[in-house]
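Just so you know, the protein sequences line up as chains A and B, in that order. Residue numbering for the first sequence follows the numbering used here, beginning at 14 and increasing consecutively. Residue numbering for the second sequence follows the numbering used here, beginning at 235 and increasing consecutively. Shown next, in structure tokens, is the structure this report addresses.
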Amino acid sequence: MPGIDPREFLLLSPEILLSAAGLLLLLVGTIGRGFRNLEAAFVSIFSLVLTGAILVVVHSRLDWGGRLILGNTFVLDGFAFFWKMLILVATILTVLISYRFIEEGGYRATEYYSLILLATAGMMFMASGYTLLTIWIGLETMALASYILAGYFKREVRSNEAAMKYFILGAMSSGILLYGISLLYGATGTIQLESLARMLNQPAVAANILVPLGWILLAAGLFFKVAAVPFHIWTPDVYVGAPTPITAWLAVASKGASFAILVRIFFEGLWPLAVDWQWIVALVASASMIWGNLAALTQNNVKRLLAYSSIANAGYVLIGMLAVSEMGLQSILFYLLSYTFITLGAFGTVILLERREYAGETAEDYAGLSKRSPFLAAMMLLFLLALTGIPLTGGFVGKLYLFAAAIEKGWTWVAVIGVITSAISLYYYFRIVVYMYQRDSTQATPVALRSPALVAVISLCALVTLLLGIVPGPFLGMAERSLDASRLLQEQVTTRLAP
Amino acid sequence: MFDNLPILSILCYVPLFGAIPILWMKDPALIRKYATGVVMLDFLLSLPLWFTFDRDGALFQFVEGPFEWIPSIGVDYHFGIDGMALLLVLLTTLLGVLAFVSSWSAIHHREKEYYIFMLLLQTGMLGVFMSLDFFLFYVFWEVMLVPMYFLIGIWGGPRKLYAAIKFFLYTLAGSVLMLLGILALYFYNSTGLLGYAGLGHRPTFSVEQFHDIGASIPPDLQFWIFLGFFLSFAIKVPMFPFHTWLPDAHVEAPTAGSVILAGVLLKMGTYGFVRFSLPILPDATVQLLPWMAALSIIGIVYGALVAMAQKDMKKLVAYSSVSHLGFVMLGVFALNGPGLNGGILQMINHGISTGALFLLVGIIYERRHTRMIAEYGGLSAVMPVFATIFLIITMSSIGLPALNGFVGEFTILVGAFNRVWWWAVFAALGIVLGAAYMLWLFQRVFFGPLTNPENKNLKDLSFREIAYLAPLVLLCFWIGLYPKPFFRILERSVEHVIAKVDPSLAQDQVAGQPAPAAAAPAVGE
């Protein structure tokens, strides 16, 4: 193991800064009543923006080939940079949509934001981790903070239930993940992704029975985190019970970071086994698309509906993985980019309609929304169209790319399942549209657009959703550059898989 | 005069941008007039296309682009029209105006949203007919579903929720499979897929490029792509057995929605076959010809029989559409000059006559709020003008000589006869049945004693109503008496399709004139 140059810690300054900000908030929380909501939110946003700025500086000083630091345990490449920026943006938007929510719920603000910052730091470690253990620690940092956040409404039974379920199942999946890691370590003697791949590339090592056992357990743990069938059971209850901003954040940031490590581990550590894991990914993707979309058909609670939609979307993203191609990975980045804004926008609309913790979540609560607030109805319509994958929205371009990647590599049957389930998804997304536009309202009062921050977030998300659909070129270019500046899909991966 | 103007883009986006000011308008009467003004302007702008289109010139004219849109996958912004698209564009802008004017008295609530959606729909439909990039085509094709969904779902009849979502789901399910077909073509043209070596061309969605490579695509790949396209287009047409959404959508839609739906939307399916399936996938077309013809013929006969059993006028007209579109498809799949000419012309004819029928049914519905045939009888006594126009349109619909329907149906029959003689026999049976249900409808509504007291004081047509029906009646006579300009403008389009799908037939085909039967190999047998 090469010695560690202390100066390399400087390159970690974004992560360090964010962790420090999180700890500072936690500390302040112990003094009296802590920060007030406004102060805490301000500190969070400030530190998040600062982190982003430093991140840009750090990466602009690196050559874009991807650089391994800290004894080859930490990677700074375009892929990590993409995810970190996406996670930071998603978290900033989450803080903005949380503000009014915390205010009206009357819960302590300081710890809430502190936990969000700490979890975000964990996600950033996930994006950059280059050994299975670094990744795992990042993942646990994120997960532990998320468990508490899911139960943050401590007076609400549903929130408690969500936290409990999330914790028990999450802890178990982390255990499975760790067990898989230890098996792989047993078989190969390494947890560093690059050397892991080198070992697995030797037929003698790959033949060890511990290898398939190890990577399957590892995959199971990761599928749990991205909420893919059959490891999705926790999702609906947690999504419904958690405070809505946290639900939104779990659906985008947590899912994004989990996909980042999924792709990182499978494409950098396990690529010699690609021919084997492609099948598992294909099956999990199909099962998620089918079950997620079918189960959503009967949901009446909008948050639960979006939870199943999130399961289905995990399936769509997995399509990009099984293609094992440049286009496939690009499509994952682009899809999750657009999914982030679409989902945050949709949840933002839900939050704006909620009164007291959970009122305003059933489809009936959307009745006549087009009259009570034409703006909100139009925004929600846009997000739902985007989730369905109707053109001129980011959702369409994302899905098109995913399906194209699948077809290019001969996974036509998965693409067929994908397009048919997308068509089915229209039915439940439009159940909300029916209420918004075609049913008369039970209450005639117009919806007050209470929170300017929330309205701004919704508008921004709508704008980005449209931009991604109408001029996707620059964003696709961004995804492409991020991948070029990484070690994913090195030549040996693609040549090995060539038919 | 259009050398420097992107006339097609202007035509396409006038309704879209015209819709924006409506957001800030409050007075319904103003919105009505303004919106109608916008489509009227669009119609007037589209008229010069007819005069400046060079009948002997390039296949696609008024071309804009290709301009790069999504460079990383080779999507271009590319507009252009041939004779077929030109006729459909004109039909769209014309029916648009009529549908808007007819809405004045039919729509009384949420008018602001109504006219916005109608304008968006115009843009979507025009874009579909103008796109020369398959991706762009698909974008318009799907985006257009959204306003149509709302038109049925908000301003429709009692079962509007069901009809609207059924319409959307059916068409979406079809079109996503077409998307896979498009992607397969895309990869075959460039890098290859599924073990087929690609042709190595620049990645593109260009329709012209796909026309060029059509013949080189291996037949089994063509078969699967054809299937994807078929589902999408057949649902739209609709061909039997994919027609079940149509009666629901038509019956529940408001009058203007039905006019647009029957007049233009269904043509998108037949247009898709002629523009994409036939020229790009010639081997699969020939291979599946018997199936296509069989489905068309079943559609013709089945649609007519079911229409005969209807008690609701609108439903009757809806099923008659299934029958008429079966004719169009039969003509198209005759794959020869007369067949294609007749098929394309019949698309326009159907738009005119069925559009007019829906307008007429809408007029009587506004007065009596029922569409049940049994409620009427003897109307010719109180509404003579209405009865006269209804009669003319009925005659046009059943194909009486000197009216447009005759020209289309006769040409189709010639084409079908040349391909496989007994196709024409079945099709002719459809004409007989068509005459039966339409004349029977006319008899029950207009003749006999005026028994129902509620019908005694019905007002005859107002000036506005006559004004929006008159252009359609005139067109019926024009196409019926002098169809030559229409065949002339279609000449290049038809030649192009035949040259692509069946080069052996490319010679000696003069529009509208039957080729010697010997020249047409009986592919279907």
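The C-beta atom is built at its ideal place from N, Cα and C for all residues, glycine as well.
Using 10 angstroms around the beta-carbon of Y716/B, count the other beta-carbons present and answer buried if the total reaches 16, otherwise exposed.
-> Classification for Y716/B: exposed.
Taking all protein chains shown into account, do 16 or more other C-beta atoms lie within 10 angstroms of the C-beta of M392/A, making it buried, or fewer, making it exposed?
-> Per the 10 Å Cβ criterion, buried.
So, helix, strand or coil for W656/B, using DSSP?
-> Assignment of W656/B by DSSP, reduced to helix, strand and coil, places it in the helix class.
Would you tell me roughly how many angstroms separate the C-alpha atoms of A269/B and F721/B, rounded to the nearest one?
-> Answer to the nearest angstrom: the Cα atoms are 33 Å apart.
Which residue's Cα is closest to the Cα of V309/B: F296/B, F371/B, L320/B?
-> Of F296/B, F371/B, L320/B, the residue nearest in Cα terms is F371/B.
Cross-chain neighbours of G490/A in chain B, by beta carbon under 9 Å = By Cβ distance, chain B contributes P305, S306.
When Cβ atoms are compared, which residues of the stretch 386-414 of chain B fall closer than 7 Å to chain A?
-> Cβ proximity to chain A below 7 Å picks out G387, I388, L395, I399, F402, L403, L406, A407, V410, L411, L413, L414 from the stretch 386-414 of chain B.
When the Cα atoms are used, what is the spatial distance from L379/B to T489/B?
-> In a straight line, the C-alpha of L379/B is about 17 Å away from that of T489/B.
For the beta strand (DSSP E) that L89/A lies in, which residues bound it at each end?
-> It spans 87-89 - the beta strand (DSSP E) in which L89/A sits, taken as one unbroken run.
Please determine, among F460/B, K400/B, F285/B, L278/B, the residue with the shortest C-alpha to C-alpha distance to L417/B.
-> F460/B is the residue among F460/B, K400/B, F285/B, L278/B whose C-alpha sits nearest the C-alpha of L417/B.
Own chain residues within Cβ distance below 6 Å of P453/B, not counting five before or after = Correct list, in chain order: D517.
Report the neighbours of Y440/A on chain B: residues whose CB is nearer than 8 Å to its CB, in chain order.
-> Per Cβ cutoff of 8 Å: I399, L403.
So what does DSSP say about P687/B, is it helix, strand or coil?
-> Here DSSP, grouped into helix, strand and coil, assigns P687/B to helix.
In the stretch 368-385 of chain B, which residues sit with their C-beta less than 9 Å from some C-beta in chain A, listed in chain order?
-> Here the close residues are F369, Y372, V373, F374, W375, E376, V377, L379, V380, Y383, F384.
Return the Cβ separation of L350/A and L501/A in integer angstroms, given the expectation that the two are a contact with Cβ distance under 8 Å.
-> In this structure L350/A does not touch L501/A by the C-beta definition: roughly 17 Å separates them, more than the 8 Å allowed.
CB-CB under 6 Å to Q356/B, same chain, minus the five flanking residues each way: which ones, in chain order?
-> So the qualifying residues of the chain are P249, G330.
Delimiting residues of the alpha helix (DSSP H) encompassing Q544/B = In the DSSP annotation of this structure, Q544/B is not part of any alpha helix (DSSP H), being labelled neither H nor E.
Buried versus exposed call for W303/B [16 or more other C-beta atoms within 10 Å across all chains shown] = Residue environment analysis places W303/B among the buried positions, since at least 16 neighbouring C-beta atoms fall within 10 angstroms of its C-beta.
Got a sec: is the Cβ-Cβ distance from G524/A to anything in chain B below 9 Å?
-> The shown model of chain A, from 14 to 512, leaves out residue 524/A, and the question about it has no answer.
Name, in chain order, the residues that DSSP records as bridge partners for F279/A.
-> The partner list for F279/A (beta bridge, DSSP) is empty, contrary to what the question assumes.
Spatial neighbours of I582/B within its chain, please: CB distance less than 6 Å, with the 5 preceding and 5 following residues excluded, ordered by chain position.
-> Non-local C-beta neighbours of I582/B in its own chain, meaning closer than 6 Å and more than five positions away in sequence, comprise L321, L325, ordered along the chain.
Pull up the distance between the alpha-carbon of G79/A and that of Q205/A, whole angstroms please.
-> Straight through space, the alpha carbons of Q205/A and G79/A are spaced by roughly 15 Å.
Per-residue DSSP class, three states only, for L130/A | Secondary structure of L130/A (DSSP, three-state): helix.
Cβ-based contacts, 8 Å cut-off: residues of the stretch 655-685 of chain B near chain A = Within the stretch 655-685 of chain B, no residue has a Cβ that lies closer than 8 Å to any Cβ of chain A.
Tell me, please, whether the CB atom of G84/A is closer than 9 Å to any CB atom in chain B?
-> Output row for G84/A: interface = no.
At which residues does the beta strand (DSSP E) containing P300/B begin and terminate?
-> Here the beta strand (DSSP E) through P300/B covers 295-304.
Go ahead and pull the three-state DSSP assignment for Y311/B.
-> Here Y311/B sits in strand by DSSP.
For chain D, find out if any of its Cβ atoms is closer than 9 Å to the Cβ of A621/B; answer yes or no.
-> You won't find chain D in this structure, because its protein chains are A and B.
Using 8 Å as the threshold, is the stretch 618-626 of chain B in touch with the stretch 521-530 of chain B, meaning 3 or more CB pairs across them?
-> Result no; under three Cβ-Cβ pairs closer than 8 Å.
With 9 Å set as the bound, which would you pick, yes or no: does the beta-carbon of A57/A sit closer than that to a beta-carbon of chain B?
-> Reading off the sequence, residue 57/A comes out as Ser, not Ala. Nearest CB-CB separation between S57/A and chain B: not below the 9 Å threshold.
Chain A beta carbons: is any one of them nearer than 9 Å to that of Y420/B?
-> Cβ-Cβ to chain A under 9 Å: yes for Y420/B.
At 8 Å on the CB atoms, spell out the chain B contacts of V432/A, in chain order.
-> Within 8 Å Cβ-Cβ: V410, L411, L413, L414.
Along the beta strand (DSSP E) that carries L81/A, what are the first and last residues, could you check?
-> If you look at L81/A, you'll find it in the beta strand (DSSP E) that goes 80-82.
Please go through the stretch 472-560 of chain B and give each complete alpha helix (DSSP H) segment of 4 or more residues, from N-terminal end onward.
-> Listed in chain order, the complete alpha helix (DSSP H) runs (minimum 4 residues) inside the stretch 472-560 of chain B are 479-486, 489-494, 500-506, 516-542.
Please name the residue, chosen from Y671/B, V377/B, H730/B, F660/B, that lies closest to N570/B on a Cα-to-Cα basis.
-> Closest by alpha carbon: H730/B.
Beta-bridge partners of Y430/B, as assigned by DSSP | Residue pairing by DSSP puts Y430/B in a beta bridge opposite L427/B.
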